[in-house]
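**Q** Letter by letter, the sequence shown follows residues -29 to -1, 1 to 285 in mature numbering (1 follows the signal peptide of the UniProt record, and there is no 0). Beta carbons are placed, not taken as given, at the ideal position from N, Cα and C, and that holds for glycine. Keep in mind that this is a model prediction, so the values were computed, not measured.
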Amino acid sequence: MKVMTKTMKRLLLITILSLVAISCQQKKATTEKAAVTLTYSNLVDTATQDEVQKALTAAGISQQNVASFLESVALFNQTVGDKAGLVLKGFVTIDSLLPKYDEVAIQSIWTAKYPMFQGYNCRLTSFTLLRDLITFPTDKKFASKEEDEVLFIDRESLHNTPKKFFTSEEENNFFTLFTEVPTTNTKDINTHLQAMQQAWKERGIDFRYKNDPTKASLISAVFHSQITPEENTLFVGHVGVLVPFDGKLLFIEKLAFQEPYQAIKLENRTQLSDYLMNRYDVEWEQPNAIPFIMENDVLMDGYRPNPYKKEQRL
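1) Kindly indicate the opening and closing residues of the beta strand (DSSP E) around lysine 64.
2) In chain order, which continuous runs of the alpha helix (DSSP H) of length 4 or greater are located wholly inside the segment 83 to 135?
3) Rank Gln233, Lys280, Thr241 by C-alpha distance to the C-alpha of tyrosine 72 and give the top, closest one.
4) Just to confirm my understanding: we take serine 244, look at its own chain, exclude 5 residues before and 5 after, and list those with CB closer than 8 Å. What are they?
5) For lysine 172, count neighbouring C-beta atoms within 10 Å of its own C-beta (all shown protein chains included) and say buried if the count is 16 or more, exposed if not.
6) Relative to the C-alpha of lysine 186, which residue among Lys60, Phe216, Ser196 is closest?
7) Against chain C, does valine 121 count as a neighbour if the rule is that its beta carbon must be under 8 Å from one of theirs?
8) How big is the Cα-Cα spacing for alanine 18 and threonine 10?
9) With burial defined as no fewer than 16 other Cβ atoms inside 10 Å of the residue's Cβ, what is the status of glutamate 224: buried or exposed?
10) What residues in its chain sit with their C-beta under 7 Å from that of proline 200, if we drop five residues either side in the sequence?
11) Relative to the C-alpha of serine 188, which residue among Val15, Leu14, Asp16, Leu27 is closest?
12) Which residues does DSSP pair with glutamate 22 in a beta bridge?
13) What residues are listed by DSSP as bridge partners for histidine 195?
14) Return helix, strand or coil for lysine 186, following the three-state DSSP convention.
15) Would you mind working out which of Glu230, Ala55, Asp252, Asn239 sits nearest tyrosine 91, comparing C-alpha positions?
16) When you compare the CB positions of arginine 94 and aspartate 125, do they come within less than 8 Å of one another, or not?
17) Could you tell me which whole beta strand (DSSP E) segments of length 3 or greater appear in the segment 222 to 282?
18) Quick one: give me the first and last residue of the beta strand (DSSP E) that serine 12 is part of.
19) Over the uninterrupted alpha helix (DSSP H) stretch that includes lysine 71, give me the two end residues.
20) Give the secondary structure of leucine 59 by DSSP, where H, G and I count as helix, E and B as strand, and everything else as coil.
21) Using beta-carbon positions only, say whether asparagine 259 and tyrosine 279 come within less than 8 Å of one another.
22) Out of Leu46, Ser12, Leu100, which has the shortest C-alpha to C-alpha gap to glycine 61?
23) Who are aspartate 177's beta bridge partners in DSSP?
24) Which residues in the same chain as threonine 162 place their Cβ atom closer than 8 Å to its Cβ, once the five residues preceding and following it in sequence are excluded?
25) Which residue from Gln197, Asp110, Ser97, Gly56 puts its Cα closest to that of glutamine 78?
26) In the DSSP output, which residue or residues are listed as bridge partners for leucine 41?
27) Roughly how far, in whole angstroms, is the beta-carbon of tyrosine 113 from the beta-carbon of phenylalanine 149, given that I think they are within contact range, below 8 Å?
28) Between Leu226, Asp177, Ile261, Thr241, which lies nearest to threonine 204 when the distance is taken from Cα to Cα?
29) With C-beta atoms as the reference, is glutamate 151 less than 8 Å away from phenylalanine 228?
30) How many whole angstroms separate the CB atoms of valine 214 and serine 97, which I take to be in contact at a CB cut-off of 8 Å?
What follows is the structure in structure tokens.
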């Protein structure tokens, strides 16, 4: 019976993660106001890569970590080629918050070349960039679970990657940061926020430049998973890196394992919140809380529920 419970738990969490991925893949039809636009790049051309590289290093990210990030970008873009619907040069502006990609073509091409390697996802990508800007305890190892239902594909990707980017210590730090957090059965965001903050504090996690607006920050979309009314957890379902950019903001993300990298130009954090919540705050009448967005270890300024949610239901 205990084995059955674990199996059911994993299946349910896989379903939740699949729903997150589906929202990433734009399978859910949405209706948006004409005024909504998104300016983004897929970092295909050298000029745009150089532009983004300068912004990342100016925000305190080491050249070595930026180089590792751009190497993974090149691996993806060169593998999927021009059949994925990527922006091939510079930034483009669209009248939507959801760029369209050919996910079927991407998955087919990627799997043919890397049958055992899922690719890099949002968590692996963000940690590649920010691993030096987040501090972890050096005197103890985090007891991560091999059977972790949320991070098991991340773990497989780390084992099967064609090039090892993380040391064993950095891998431990990765799981220290992203392993799920226990919480209570409530829809109150503040309660869940405090649970995340307390867990990270107990794990010895700190963000070196969290009070410096000129430095890079970790942007985490945190999801509440309710297996049963008595079993509630929080996990980072999506994450990216935010840096200053020409007096405004630039958000760097990898949408999912076999989905593109994006660099998005933003006016402010509310615009970032709307972009993320439009993707992930899409459930109705659910027993769990809606996602919330953290910048480093606090609730992000400008965070708000999905303002387009009512339109999406029509």
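**A** The structure says:
1) One detail in the question is off: residue 64 reads as threonine in this sequence, not lysine. Per DSSP, threonine 64 belongs to the beta strand (DSSP E) from 63 to 65.
2) 93 to 101, 123 to 131
3) Gln233
4) Ile264, Met271, Gly273, Tyr274, Arg275
5) exposed
6) Comparing Cα positions, the closest option is Phe216.
7) The chain inventory of the structure shown lacks chain C, comprising one protein chain alone.
8) 16 Å
9) buried
10) Result list for proline 200: Asn156, in chain order.
11) Leu27
12) In the DSSP output, where bridge partners are listed per residue, glutamate 22 has none listed.
13) The partner list for histidine 195 (beta bridge, DSSP) reads Leu205.
14) coil
15) Measuring from the Cα of tyrosine 91, the nearest candidate turns out to be Glu230.
16) yes
17) The segment 222 to 282 contains these whole beta strand (DSSP E) runs: 232 to 237, 263 to 266.
18) 9 to 12
19) No alpha helix (DSSP H) contains lysine 71, which DSSP labels as neither H nor E.
20) coil
21) no
22) Ser12
23) Note: aspartate 177 is bridge-paired with Thr106 in the DSSP secondary-structure output.
24) Thr154, Thr155
25) Gly56
26) Note: leucine 41 sits in no beta bridge, so no partner.
27) Just to set this straight, residue 113 is phenylalanine in the shown sequence, not tyrosine. Between phenylalanine 149 and phenylalanine 113 the Cβ distance is about 10 Å, and since that is not below 8 Å, they are no contact.
28) Ile261
29) no
30) The pair is not a contact, with the Cβ atoms about 12 Å apart (cut-off 8 Å).
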